[in-house]
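First residue of the sequence shown: 0, per numbering that gives the first Met the number 0; consecutive thereafter.
Glycine included, every Cβ here is placed at the ideal spot set by N, Cα and C.
These numbers come from a predicted model, not from an experiment.
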Amino acid sequence: MVVLENVNKHFGDLHVLKDINLTIHTGEVVVVIGPSGSGKSTLCRTINRLETIDSGTITVDGKQLPEEGKALAALRSDVGMVFQSFNLFAHKSVHDNVTLGPIKVRKIDKDKAAARATELLERVGIASQADKLPAHLSGGQQQRVAIARSLAMDPKVMLFDEPTSALDPEMINEVLDVMTALAKDGMTMVVVTHEMGFARRAADRVVFMADGQIVEENTPDEFFSNPQSARAQDFLSKIL
Ligand code: ADP
Ligand code: MG
Numbered sequence: 000m001v002v003l004e005n006v007n008k009h010f011g012d013l014h015v016l017k018d019i020n021l022t023i024h025t026g027e028v029v030v031v032i033g034p035s036g037s038g039k040s041t042l043c044r045t046i047n048r049l050e051t052i053d054s055g056t057i058t059v060d061g062k063q064l065p066e067e068g069k070a071l072a073a074l075r076s077d078v079g080m081v082f083q084s085f086n087l088f089a090h091k092s093v094h095d096n097v098t099l100g101p102i103k104v105r106k107i108d109k110d111k112a113a114a115r116a117t118e119l120l121e122r123v124g125i126a127s128q129a130d131k132l133p134a135h136l137s138g139g140q141q142q143r144v145a146i147a148r149s150l151a152m153d154p155k156v157m158l159f160d161e162p163t164s165a166l167d168p169e170m171i172n173e174v175l176d177v178m179t180a181l182a183k184d185g186m187t188m189v190v191v192t193h194e195m196g197f198a199r200r201a202a203d204r205v206v207f208m209a210d211g212q213i214v215e216e217n218t219p220d221e222f223f224s225n226p227q228s229a230r231a232q233d234f235l236s237k238i239l
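The structure is reproduced here in C-alpha cells:
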C-alpha cells in the first residue's frame, strides 16, 4: 500500500531521513517508535506530502506522489492523518467537521455524507455529541472526532502521529481502543506512539527509528523481548 525507497530528506544541513526503505502492506499496522528528533513525524509527513523529499520515491497504492495540484489533493485524501493536536474546525459542529471534507473534496451528496458521518461518529462512540462544537468536548472525544473525520474520506491508509500525546492520562485508552478496533477491521495504519501497550496489542510490526534511520524492525514480541541494536536496547531501557 505504501512503499518508500531510498528516501532522503534534509532540513538545511540536517539530514533528517537517511535512505529510508519501508514497505507497508495492505491491512498492516506498523508502529513507529524512537527517540525525540529521530524523524518519525517527518516520515509521516512525507507520506502525504506535507513535506517534500530530496531523493528517493514514495508510492501509495502503486501511484507515485504527485508534485502538486488536483492529483496531490486526491492523493492526500487517500492518506488520512491524525495529529497530536486535533485540528478540528472550531466553528463547526462535530457532525459538520465530519461531513465537510467528503462534501467539498470528494463531492459526495449532502445526505449521503450526513448518514456516513452519523455511522462514523457511532463507530468512535461519540454520536450523542454530534451537534456540539469541538471546544465543548473533552480532548479524548475531540481526537475521536478527528479520527472519524479522517475516516469519512475513505482513506486507503491512516497515519497517526502521537495521537494520544496531548491527552490527559484517563483519556488515552478511549482513543487507543478506537484505533485498536480500526486495526482489527483491517485498516492499513502507520502509528507513531510511545504507547507500548498499544504496540504490543495492535502492531503487526514495530519500526525503530534513531537519527533519521530505520535501525531495526520486527514483530512486537521479538522487538520488545529481544531488541538487537544497542540504540533500541537503550531506548527501551528508558521507557519500559
Ligand atoms: P520526531 O517526530 O521523531 O521527534 P521530527 O521528524 O519531528 O522527529 O524531527 C526530526 C528532526 O528534524 C529534528 O531534529 C527536528 O528538529 C528537525 N525538524 C523537523 N521539522 C523541521 C522543520 N520544518 N525545519 C527544520 N528542522 C526541522
Ligand atoms: Mg514527532
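Beta-carbon separation of T41 and V78 under 9 angstroms?
As a working note, residue 41 is residue 42 in the sequence shown. As a working note, residue 78 is residue 79 in the sequence shown. No, these two residues do not count as a Cβ contact at 9 angstroms.
With distances taken Cα to Cα, identify the nearest neighbour of V123 among L181, G100, G68, D153.
As a first step, residue 123 must be located in the sequence shown, where it is residue number 124. For V123, the nearest C-alpha among the options comes from L181.
With ligand 1 as the reference, list in chain order each residue whose Cβ lies under 5 angstroms from any of its heavy atoms.
Going by the Cβ distance cut-off, the answer is F10, V15, S35, G36, S37, G38, K39, S40, T41.
Whole angstroms are fine: how far does the CA of R143 sit from the CA of A114?
Indexing the sequence shown from 1 puts residue 114 at position 115. Indexing the sequence shown from 1 puts residue 143 at position 144. For A114 and R143, the distance between alpha carbons rounds to 18 angstroms.
Mind pulling the alpha helix (DSSP H) runs of 4 or more residues that sit fully within the stretch 80-132?
Runs found: 93-103, 109-122.
V81: beta carbon under 8 angstroms from a heavy atom of ligand 2?
For the purposes of this step, residue 81 is taken as the residue at position 82 of the sequence shown. No, since every heavy atom of ligand 2 falls outside the 8 angstroms radius drawn around the Cβ of V81.
What three-state label does DSSP hand Q227 in the structure shown?
Numbered from its first residue, the sequence shown carries residue 227 at position 228. Note: Q227 maps to coil in three-state DSSP.
DSSP three-state label for A165, please.
Position 166 of the sequence shown, counted from the first residue, corresponds to residue 165. DSSP places A165 in coil when its eight states are reduced to three.
Here's the rule: buried if 16 or more other CB atoms are within 10 angstroms of the residue's CB, otherwise exposed. What is Q232?
Indexing the sequence shown from 1 puts residue 232 at position 233. Exposed, because fewer than 16 other Cβ atoms sit within 10 Å of the Cβ of Q232.
Taking the CB atoms as reference points, tell me whether N7 and I46 lie closer together than 9 angstroms.
For the purposes of this step, residue 7 is identified with residue 8 of the sequence shown, where counting begins at 1. For the purposes of this step, residue 46 is identified with residue 47 of the sequence shown, where counting begins at 1. No. Outside cutoff.
Rounded to the nearest angstrom, how far is the Cβ of G138 from that of D167, given a contact under 8 angstroms?
Taking the first residue of the sequence shown as 1, we reach residue 138 at position 139. Taking the first residue of the sequence shown as 1, we reach residue 167 at position 168. Contact flag correct, Cβ pair sits at about 6 angstroms.
Got a sec, what are the start and stop residues for the alpha helix (DSSP H) M138 sits in?
Translated into positions along the sequence shown, residue 138 becomes position 139. Before going on, a small fix: residue 138 reads as Gly here, not Met. Taken as a continuous stretch (DSSP letters only), the alpha helix (DSSP H) holding G138 covers 138-150.
Are V97 and A134 touching if we call contact CB-CB under 9 angstroms?
For the purposes of this step, residue 97 is identified with residue 98 of the sequence shown, where counting begins at 1. For the purposes of this step, residue 134 is identified with residue 135 of the sequence shown, where counting begins at 1. No, the pair does not count as a contact, with Cβ atoms beyond the cut-off.
How many angstroms separate the CA atom of M186 from the CA atom of M157?
Position 187 of the sequence shown, counting from 1, holds the residue named residue 186. Position 158 of the sequence shown, counting from 1, holds the residue named residue 157. Rounded to the nearest angstrom, the two C-alpha atoms are 7 angstroms apart.
Shortest alpha-carbon distance to L120 belongs to which of L3, R199, V205, Q140?
The residue labelled residue 120 in the question sits at position 121 within the sequence shown. Checking every option, the nearest Cα to that of L120 belongs to Q140.
Going by the CB atoms, is the gap between M178 and A201 shorter than 9 angstroms?
Counted from its first residue, the sequence shown places residue 201 at position 202. Counted from its first residue, the sequence shown places residue 178 at position 179. Going by C-beta atoms, A201 is nearer than 9 angstroms to M178.
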